[in-house]
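Student: Once you've had a glance at the structure underneath, I'll fire off some questions.
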Amino acid sequence: MTLENAFRARINPCKNVCALVFASILLASLGVSANQVFAMGQAPSTCTNRYDGAITAMKIIVGYKTFDPIAHPGITFQLRNDKSYTVTFTIHTYNQSSQGNSLAGDTWYDTSAPGYQLGTCVAGAGSNQNVTITATETHPGNIAPQITQNVSWKTLVQGEITYNIKWINP
Numbered sequence: 010m011t012l013e014n015a016f017r018a019r020i021n022p023c024k025n026v027c028a029l030v031f032a033s034i035l036l037a038s039l040g041v042s043a044n045q046v047f048a049m050g051q052a053p054s055t056c057t058n059r060y061d062g063a064i065t066a067m068k069i070i071v072g073y074k075t076f077d078p079i080a081h082p083g084i085t086f087q088l089r090n091d092k093s094y095t096v097t098f099t100i101h102t103y104n105q106s107s108q109g110n111s112l113a114g115d116t117w118y119d120t121s122a123p124g125y126q127l128g129t130c131v132a133g134a135g136s137n138q139n140v141t142i143t144a145t146e147t148h149p150g151n152i153a154p155q156i157t158q159n160v161s162w163k164t165l166v167q168g169e170i171t172y173n174i175k176w177i178n179p
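Take a look at the structure:
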C-alpha cells in the first residue's frame, strides 16, 4: 500500500460532511443569538395601525434639574449610578397611519437608554395627535458602573435625539 492509498483510506467523507454541517449550524445559531442581544422590544411592524411621527418635545428631569436635549443636542449630565432620571417626550403623529387610514392605533419609538436598543409600541395614537410618553430610566446593568453613556431616542421619521449621562459611583 502506497502512502497516498493509506491517506485516502483514513479519510471518511461522512465525518467531513457531518463536521461541516455541525459547524455551519453552530455558527448560524451564534449569529442569530448575537443579533438578539443588541435589539429588543417591539419592531415597528408589530404596532397596530402604526402612526409615525416626530419627537417634537423632550425634557429630562434629574433630581431638581431639567434638561432639554432638543434645544441642546448632545448635552451631558452627571448622575449617581444608584439613582434614576425621568424622560418625558411628545411624538406628533401624521394625519394618516402607515395603513393609510385615520383609525385608532399605536405610535412607535426606539431608545438606547436601557443599554441596548429597545423599540416600543405606544397605544392610544391617532391622526394628527400629540402622544406624550414618560419613562423612568436607571443605570443599565450591562455597562460599567462608572462610564459616560450615549443615549438616543428616535422614531421612524427623524434623526436621533441624543444626550450623555456620566454615571458615577456613589
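Residue numbers (the numbering used here): 10 to 179.
Virtual Cβ for every residue (Gly too), placed ideally from N, Cα, C.
Please read these numbers as outputs of a predicted model, since none were measured by experiment.
(1) Leaving out five residues on either side along the sequence, give the residues of the same chain with a beta carbon under 8 Å from the beta carbon of Asn-90.
(2) Taking the C-alpha atoms as reference points, what is the distance between Asn-139 and Ala-63?
(3) For Thr-85, which of Thr-97, Ile-69, Lys-92 and Thr-99 has the nearest alpha-carbon?
(4) Return the chain-ordered list of same chain residues with a C-beta closer than 8 Å to the C-beta of Thr-116, the five sequence neighbours on each side being excluded.
(5) Use the C-beta contact count for Pro-82: other C-beta atoms within 10 angstroms, 16 or more gives buried, fewer gives exposed.
(6) For Leu-112, tell me which candidate among Lys-92, Tyr-118 and Asn-104 has the shortest Cα-Cα distance.
(7) Kindly indicate which residue of Glu-146, Ile-152 and Gly-168 has the alpha-carbon position closest to the one of Lys-92.
(8) So, helix, strand or coil for Thr-57, using DSSP?
(9) Once DSSP output is grouped into helix, strand and coil, what is the label at Val-166?
(10) Tell me which same chain residues have a C-beta within less than 6 Å of the C-beta of Val-166, skipping the five on either side of it?
Tutor: Reading it off the structure:
(1) His-148, Pro-154, Gln-155, Trp-176, Ile-177, Asn-178 and Pro-179
(2) 10 Å
(3) Ile-69
(4) Cys-56, Arg-59, Tyr-60, Asp-61, Gly-62, Ile-100, Thr-102, Cys-130, Val-131, Ala-134, Val-140 and Thr-164
(5) When all chains shown are included, Pro-82 counts as exposed.
(6) Asn-104
(7) Glu-146
(8) coil
(9) coil
(10) Asp-61 and Ala-63
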